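Protein chains in written order, with the UniProt record's numbering: chain A, 1 to 329; chain B, 1 to 329. Step one of this worksheet: look at the structure below.
There are 2 protein chains.
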Amino acid sequence: MANATLKKIAQVLDISVSTVSRALKNHPDISASTKQKVMELAETLEYEPNAVAVNLRSKNTKVFGVMIPSITNNFYDSFVNAVEEEVKKAGYSLMILQSGDDPAIEIENLKIYRQNRVSGVFVCLSKETTNIDAFHKMKEANIPLVFFDKVPDNDAYDRVCLADKEAAEMAAEALLQKKKKNILAVFGNTQLSITKRRLDAFKKIMQQNTSVDVAYEFAGKSEEAESIAQRYFQLKKMPDAVFCMSDEILVGVMKCIQRLHINVPAQTGIIALSDGYFPGIYYPEITYVETSGYRLGKLACERMMECLKGKEETTELFVSSRFAEGGSL
Amino acid sequence: MANATLKKIAQVLDISVSTVSRALKNHPDISASTKQKVMELAETLEYEPNAVAVNLRSKNTKVFGVMIPSITNNFYDSFVNAVEEEVKKAGYSLMILQSGDDPAIEIENLKIYRQNRVSGVFVCLSKETTNIDAFHKMKEANIPLVFFDKVPDNDAYDRVCLADKEAAEMAAEALLQKKKKNILAVFGNTQLSITKRRLDAFKKIMQQNTSVDVAYEFAGKSEEAESIAQRYFQLKKMPDAVFCMSDEILVGVMKCIQRLHINVPAQTGIIALSDGYFPGIYYPEITYVETSGYRLGKLACERMMECLKGKEETTELFVSSRFAEGGSL
DNA sequence: ATTATTTTCGCAATCGTTTGCGGTTCCGAA
DNA sequence: TTCGGAACCGCAAACGATTGCGAAAATAAT
């Protein structure tokens with residue numbers, strides 16, 4: 001008998017629904033014998049509480065929203081993976097929606113989250129989002145928000161980010177230490193704050209060392225990174241090292257490296273900021289500074305849980321970086 | 001005023017809750033003037049229906065479950081991507097749970113889906129699952145199930161699969177057409193039915209042509225594929241082509257190719273079964289037979305929608321394959 | 001003016017669960 | 001015998017929305 005309810009159990013035993021409810025929760029008001037009977041019947045009827053009804057009454061759905069530009073992305077994957085692992089321990093589930101980097105869909109999605117009364121939402125902003133008014137409504141609806149990765153420029157929100165500054169600095173210093181003198185540095189979309197932070201930090205280190213020549217380029221997609229690399233590696237004076245701000249860029253650059261049969265690290269060095277998967281698929285493996293989506297997910301969960309406990313002050317938190325030696329520099 | 005309810009609107013306008021409900025749904029019983037007032041107030045109060053309450057009453061949550069071994073997997077990603085895109089059109093959302101290839105967690109997850117009264121579940125079985133009794137309960141609870149990719153051997157369930165046989169045949173024939181005579185064919189875990197199907201089809205074609213030498217090897221992970229390739233490419237008689245059953249294997253093989261500086265396709269040809277992303281990151285791009293997670297997702301959705309409409313007969317459906325010319329063969 | 005018919009709306013039940021409050025029953029103590 | 005207090009359980013409201021049915025008011029028909 002699937003879909004048993006408290007009422008059915010009550011009718012069979014000829015007792016009230018409230019007694020059944022209390023018995024199943026081991027409430028002290030109920031006698032041992034009654035509890036026994038109720039629990040046995042519940043067992044044989046395969047009773048399972050209707051979460052929807054429980055949610056309505058408790059006003060707590062135990063569901064978190066996760067909004068990302070696209071799920072087909074290694075970085076977001078590992079973020080989602082971490083979050084799913086973590087919140088499950090506390091009995092929460094995930095409702096994942098993709099924005100497709102479209103602010104209109106983003107707003108639609110927020111509406112869905114509100115209507116479903118999720119307990120909180122993890123948000124990575126789309127590339128195109130400039131106006132974050134829509135997110136205010138969530139605050140009004142008392143739904144905690146934790147931004148990650150692409151976060152708004154607003155101290156009124158909780159944000160967890162990669163330690164972009166630190167990571168870019170580590171990479172820059174590694175390049176200097178290896179005495180690289182003619183560096184191609186490829187960054188992503190300049191609109192993104194993530195790009196700005198990495199770029200600024202990288203530049204700062206480089207400017208301290210005037211004997212180093214750095215060319216800064218920007219690529220929104222792998223293909224652009226590939227053609228940029230193509231251009232530079234056909235110069236008489238080839239770069240002696242390439243810095244890749246992201247996996248996407250690394251992939252593009254490496255395709256060019258393969259095309260031109262450039263020997264790494266003999267002819268040129270490579271260093272990237274990465275989650276760690278892609279650096280491992282090449283030979284030699286790429287030296288990278290880790291920017292872990294997984295650890296970011298864990299951190300975001302921690303923050304979310306604090307929000308649920310009523311923490312008021314908003315903060316910006318960072319996950320630290322780690323240098324991972326490959327053989328490419 | 002966030003979290004407005006029908007009741008609040010009713011109180012303000014001094015009318016009944018039912019009238020408010022009908023007015024918002026444009027019910028003919030309600031006068032135009034009343035509708036006007038209700039809708040305006042709903043607008044200013046930013047009323048949004050409580051999906052939880054609606055669900056309880058309608059017994060329809062408009063949420064699908066998606067259970068996969070792990071979300072950090074390109075193939076499942078594109079599947080989930082497709083499903084999310086598709087079901088959103090019909091107003092559905094997704095609740096994603098990972099099994100971690102653990103049958104016990106799988107059963108736990110099914111319970112969560114039942115308690116949340118999801119409208120249906122897309123399931124990819126874990127590698128370890130042998131007993132599928134737990135899935136019977138879903139049928140009893142009247143929750144439609146659509147299995148994909150790793151599906152049970154049971155005609156009582158709906159299944160959508162890649163056309164493994166067809167894809168493996170296409171790849172095999174491409175190898176023959178290119179007059180390859182000494183082929184290394186790397187397959188995945190032999191336990192998986194997906195491996196068996198691909199292997200059988202591939203072998204069948206190859207056996208029709210006795211002049212071709214094929215070495216069959218099996219790798220559960222990228223690293224294993226890499227060391228297998230390493231072994232074969234150090235032989236006096238190098239393979240003149242490699243067949244890779246999956247992206248995972250392709251990545252491992254390609255790492256070896258890079259390590260040994262083997263020229264593709266001059267020294268050896270490569271062909272793979274793949275979703276299409278990884279073949280594009282190498283130069284030359286890898287020739288592959290497409291096994292699209294995305295299209296599998298679309299197909300699974302179609303089937304799910306039919307289940308909701310009450311289709312009784314269960315079927316096994318396949319997504320066709322497509323040959324994609326790279327430059328690696 | 002009286003009856004018939006619309007138009008317009010409210011009552012109350014329902015979905016399944018939880019919980020404050022009050023009401024029996026029963027036991028032992030005064 | 002009577003009172004006090006556990007021990008045990010049910011009533012009813014609540015969460016928010018939907019809907020069949022009946023009722024009042026307004027309009028039309030006779």
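Cβ coordinates follow ideal geometry from the N, Cα and C atoms, glycine included. If you're wondering where the values come from, they're calculated on a predicted model, not measured in any experiment.
Output yes if chain B places a C-beta closer than 8 Å to the C-beta of residue i; else output no.
i, result
"residue 49 of chain A", "yes"
"residue 61 of chain A", "yes"
"residue 258 of chain A", "yes"
"residue 98 of chain A", "yes"
Compare the Cα-Cα distances from residue i to each of the options and report the closest residue.
i, options, result
"residue 33 of chain B", "B:45, B:20 and B:58", "B:20"
"residue 128 of chain B", "B:296, B:68 and B:259", "B:68"
"residue 249 of chain A", "A:7, A:188 and A:55", "A:188"
"residue 307 of chain B", "B:58, B:125, B:116 and B:143", "B:143"
"residue 294 of chain B", "B:80, B:60 and B:286", "B:80"
"residue 165 of chain A", "A:284, A:27, A:205 and A:24", "A:205"
"residue 281 of chain B", "A:212, A:254 and A:3", "A:254"
"residue 98 of chain A", "A:117, A:26, A:92 and A:77", "A:77"
"residue 190 of chain A", "A:176, A:214, A:220 and A:213", "A:220"
"residue 202 of chain A", "A:192, A:211 and A:185", "A:185"
"residue 326 of chain A", "A:283, A:301, A:260 and A:60", "A:283"
"residue 60 of chain B", "A:133, A:73 and A:51", "A:51"
"residue 319 of chain A", "A:167, A:179 and A:26", "A:167"
"residue 92 of chain B", "B:317, B:119, B:6 and B:23", "B:119"
"residue 178 of chain B", "B:5, B:329, B:74 and B:26", "B:329"
"residue 232 of chain A", "A:260, A:317, A:18 and A:138", "A:260"
"residue 94 of chain A", "A:82, A:279, A:30 and A:287", "A:82"
"residue 313 of chain A", "A:101, A:157, A:115 and A:24", "A:157"
"residue 176 of chain B", "B:153, B:274, B:199 and B:207", "B:207"
"residue 70 of chain B", "B:279, B:150, B:321 and B:200", "B:150"
"residue 277 of chain B", "A:222, A:274, A:230 and A:302", "A:222"
"residue 256 of chain A", "A:152, A:234 and A:104", "A:234"
Any beta-carbon of chain A closer than 8 Å to the one on residue i?
i, result
"residue 52 of chain B", "yes"
"residue 115 of chain B", "yes"
"residue 177 of chain B", "no"
"residue 255 of chain B", "yes"
"residue 84 of chain B", "yes"
Along chain A, which residues have their Cβ under 7 Å away from the Cβ of residue i?
i, result
"residue 229 of chain B", "Correct list: empty, because the minimum Cβ distance to chain A is about 11 Å."
"residue 80 of chain B", "71"
"residue 77 of chain B", "71, 72 and 77"
"residue 56 of chain B", "52, 53 and 56"
Below 8 Å on C-beta distance, what does residue i contact in chain A?
i, result
"residue 112 of chain B", "93"
"residue 251 of chain B", "281"
Using a Cβ-based criterion (distance less than 7 Å to any ligand heavy atom), does residue i qualify as near the ligand FMN?
i, result
"residue 74 of chain A", "The ligand FMN is absent from the structure shown, which contains no ligands of any kind."
Select from the stretch 266 to 291 of chain A all residues with a C-beta closer than 9 Å to any C-beta belonging to chain B, and list them in chain order. 277, 278, 280, 281, 282, 283, 284 and 285
Answer yes if the stretch 84 to 94 of chain A comes into contact with the stretch 151 to 162 of chain A, meaning at least three C-beta pairs across the two stretches below 8 Å, and no otherwise. no
What residues from the stretch 122 to 136 of chain A come within 9 Å of chain B, judged by C-beta to C-beta, listed N to C? none
Would you say the stretch 52 to 66 of chain B touches the stretch 231 to 240 of chain B, given that touching needs at least three Cβ pairs under 8 Å? no
Contact between the stretch 48 to 59 of chain A and the stretch 267 to 279 of chain A (3+ Cβ pairs under 8 Å): no
So does the stretch 34 to 41 of chain A actually touch the stretch 5 to 21 of chain A, counting three or more Cβ pairs closer than 8 Å? yes
How about the stretch 128 to 139 of chain B and the stretch 119 to 135 of chain A: do they share at least three Cβ pairs that are nearer than 8 Å? no
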